[in-house]
Amino acid sequence: MAIIGPTGTGKTHIALAVAEIRSYVMVVACKPKDSLVDDAVARGYYRIPGNQLEIPYVDNRPMHPKVVYWPMLPASVRQKLPKHKILGAEKAIQGPLVGGAIGYVRNAGNWCLVIDEGTWVCRDLKLQRDIDSALFQFRSLNASIIILGQRPAWMGRYVLSQPTHLFLFNTNDRDDRKALGDVSGVDSRAVETVVQQLDQKRHEFLYIDTRERKMYRSIAPARVS
Ligand SMILES: Nc1ncnc2c1ncn2[C@@H]1O[C@H](COP(=O)(O)OP(=O)(O)O)[C@@H](O)[C@H]1O
Ligand SMILES: [Mg+2]
Numbered sequence: 020m021a022i023i024g025p026t027g028t029g030k031t032h033i034a035l036a037v038a039e040i041r042s043y044v045m046v047v048a049c050k051p052k053d054s055l056v057d058d059a060v061a062r063g064y065y066r067i068p069g070n071q072l073e074i075p076y077v078d079n080r081p082m083h084p085k086v087v088y089w090p091m092l093p094a095s096v097r098q099k100l101p102k103h104k105i106l107g108a109e110k111a112i113q114g115p116l117v118g119g120a121i122g123y124v125r126n127a128g129n130w131c132l133v134i135d136e137g138t139w140v141c142r143d144l145k146l147q148r149d150i151d152s153a154l155f156q157f158r159s160l161n162a163s164i165i166i167l168g169q170r171p172a173w174m175g176r177y178v179l180s181q182p183t184h185l186f187l188f189n190t191n192d193r194d195d196r197k198a199l200g201d202v203s204g205v206d207s208r209a210v211e212t213v214v215q216q217l218d219q220k221r222h223e224f225l226y227i228d229t230r231e232r233k234m235y236r237s238i239a240p241a242r243v244s
């Protein structure tokens, strides 16, 4: 599944709501300040402490069926670095760790991996190929992936052609419209037309079921807490 739209449109909102139906969910957070982690914990997710991705199993079952993993540059390292080196150091640490999370789900199966910052993961952490193969292979490995990103043009071709469920928010960008030609199952020209009309402020999206070849223009219910 892919959820693509500008910041603040409601991608994370949809991802966490949809992930509820899965038994085992691993949410990967990447931003230096990430309200996603608090949101996930409020929903009962277990936050994996530190950068080491270790999930204890009891009787062949994960002790924590819903986890949030937030690999980051340790504060002690960050403090010692000059400001211009922090970004590079963050990427150097996160790249292999997020790659490890993708590898974990690939090998374990069963899990639903939620990549909240797909654009960052694909472009900045340079994990486009790992994401591509996840989009290709996870189904046959009985695993699933929900990938979120800002721009269709920035996340590789497979993000539009492989998912069985697509949520697209507004974009008028020319590169994005071109990329939408890769959407499978439905009339991509209709997709292109509708995404330009979507009301971003109202969190409106186009949902595409690529297997059923159906699409719906809709708005997710606001969270009832
Ligand atoms: N369908 C919706 N109805 C009302 N509020 C929403 C809806 N979707 C998202 N929001 C709110 O909008 C804000 C941004 O949503 P979020 O999911 O964090 O966006 P994104 O992940 O795309 O940046 C949050 O405060 C969220 O609660
Ligand atoms: Mg978000």
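Letter 147 of the sequence shown, counting from 1, is numbered 166 in the numbering used here, and no numbers are missing. In this text, a Cβ means the ideal position worked out from N, Cα and C, and glycines have one as well. Model, not experiment: these values are computed from the prediction.
Item                                                                                                                       : Value
Cβ neighbours of Trp5 in the same chain (closer than 7 Å, five flanking residues each side left out)                       : This structure leaves residue 5 out entirely; the chain is present only between 20 and 244.
Closest Cα partner of Arg232 within the set Val213, Asp206, Phe224                                                         : Asp206
The alpha helix (DSSP H) enclosing Glu223, as first and last residue numbers                                               : Careful: Glu223 lies outside any alpha helix (DSSP H), inside the beta strand (DSSP E) at 223 to 228.
Endpoints, beta strand (DSSP E) assigned at His184                                                                         : 184 to 187
Beta-bridge partners of Arg66, as assigned by DSSP                                                                         : Val87
Ile238 burial status per 10 Å Cβ neighbour count (16 or more: buried)                                                      : exposed
Runs of beta strand (DSSP E) wholly within the segment 146 to 193 (minimum 3 residues, chain order)                        : 163 to 168, 184 to 187
Cut-off 6 Å between Cβ atoms - residues of its own chain near Asp257, not counting five sequence neighbours on either side : Residue 257 cannot be examined here, being either before or after the span of the chain that is shown, 20 to 244.
Alpha carbon of Met91 to alpha carbon of Leu146, nearest angstrom                                                          : 16 Å
heavy atom of ligand 1 below 7 Å from Ile238 C-beta                                                                        : yes
Burial state of Thr222 (16 or more Cβ within 10 Å)                                                                         : First, the residue type needs correcting, since residue 222 is His and not Thr in the sequence shown. Counting Cβ neighbours within 10 Å, His222 comes out buried, since at least 16 surround it.
Reference Gly118, options Leu72, Leu106, Met174, closest by Cα                                                             : Leu72
Beta-carbon proximity check, Asp228 vs His184, cutoff 8 Å                                                                  : yes
Simplified DSSP assignment, three categories, for Val44                                                                    : strand
Nonlocal neighbours in the same chain, by C-beta distance under 8 Å from Asn70, ignoring five residues either side         : Pro90, Met91, Pro93, Ile112, Leu116
Where Ala120 falls, given that 16 or more other Cβ within 10 Å makes a residue buried                                      : buried
DSSP three-state assignment for Val205, whether helix, strand or coil                                                      : coil
Stretch pair the segment 49 to 69 + the segment 147 to 156: three plus CB contacts closer than 8 Å                         : no
First through last residue of the beta strand (DSSP E) which encompasses Leu132                                            : 131 to 134
Distance CB(Phe188)-CB(Gln216) smaller than 8 Å                                                                            : no
Thr212 versus Thr190, Phe186, Ile134, residue with shortest Cα-Cα distance                                                 : Thr190
Exposed unless 16 or more other CB atoms sit within 10 angstroms - verdict on Glu39                                        : exposed
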